[in-house]
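Participant: Once you've had a glance at the structure underneath, I'll fire off some questions.
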Amino acid sequence: MNLNQTPTRRKKTQPKKPQTPKSDFFTTLCRSDLKEECVKEFKFHPIRKWRFDYAIPAHKIAIEVEGGVWTGGRHTSPKGFLGDMEKYNTATLMGWRVFRTIPDELCTNATLQLLREAIAFATMKSH
Numbered sequence: 037m038n039l040n041q042t043p044t045r046r047k048k049t050q051p052k053k054p055q056t057p058k059s060d061f062f063t064t065l066c067r068s069d070l071k072e073e074c075v076k077e078f079k080f081h082p083i084r085k086w087r088f089d090y091a092i093p094a095h096k097i098a099i100e101v102e103g104g105v106w107t108g109g110r111h112t113s114p115k116g117f118l119g120d121m122e123k124y125n126t127a128t129l130m131g132w133r134v135f136r137t138i139p140d141e142l143c144t145n146a147t148l149q150l151l152r153e154a155i156a157f158a159t160m161k162s163h
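For the sequence shown, the working numbering assigns the number 37 to the initial residue and increments by one for each residue that follows.
Here's what the structure looks like:
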């Protein structure tokens, strides 16, 4: 460094949040088992920053994975519970069907069967 130069400061950069993968085991399972495109972290509201954990947009089906049921997580706190109610009610008004599950049951046959029936019902209703 030249004596006449002022030292340059290095900008501190914020660490970037890891990007949520666009697909995971559940989205792959939906594609192979249900033959439907499932989107992870689907933004459904035009103004609010709300996202569904998973969505099958073609049928307006949302899947919300409720964590912390037994451990007092965000979804069970009064503020989190009320926030979820507002989100789910707004989604229903927009024509979405919201199904709720817990992490241990997401990739089970029972959840896939529920989604199969919801898709069949939506298909039957539209004809």
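The beta carbon of each residue, even a glycine, is placed where N, CA and C say it ideally should be. Source: prediction; values computed, not measured.
Note the first and the last residue of the continuous beta strand (DSSP E) segment covering T137.
Facilitator: Counting from one through the sequence shown, the residue named residue 137 turns up at place 101. That run of the beta strand (DSSP E) goes R133 to T137.
Participant: For the alpha helix (DSSP H) that contains K115, what are its first and last residues?
Facilitator: On the sequence shown, position 79 is the one that residue 115 refers to. Here the alpha helix (DSSP H) through K115 covers P114 to L129.
Participant: Could you give the residue range of the alpha helix (DSSP H) that holds K85?
Facilitator: As a position in the sequence shown, residue 85 is number 49, starting the count at 1. Looking at the DSSP string, K85 is not in any alpha helix (DSSP H), and its letter there is neither H nor E.
Participant: Going by alpha carbons, who is nearest to I99 out of F80, F117 and S68?
Facilitator: Residue 99 sits at position 63 when you count from the first residue of the sequence shown. If we check each option's Cα against that of I99, F80 comes out closest.
Participant: Where does T159 land, buried or exposed, given buried means 16+ other C-beta within 10 angstroms?
Facilitator: What you label residue 159 is simply residue 123 of the sequence shown in a count that begins at 1. Exposed, since its Cβ has fewer than 16 Cβ neighbours within 10 Å.
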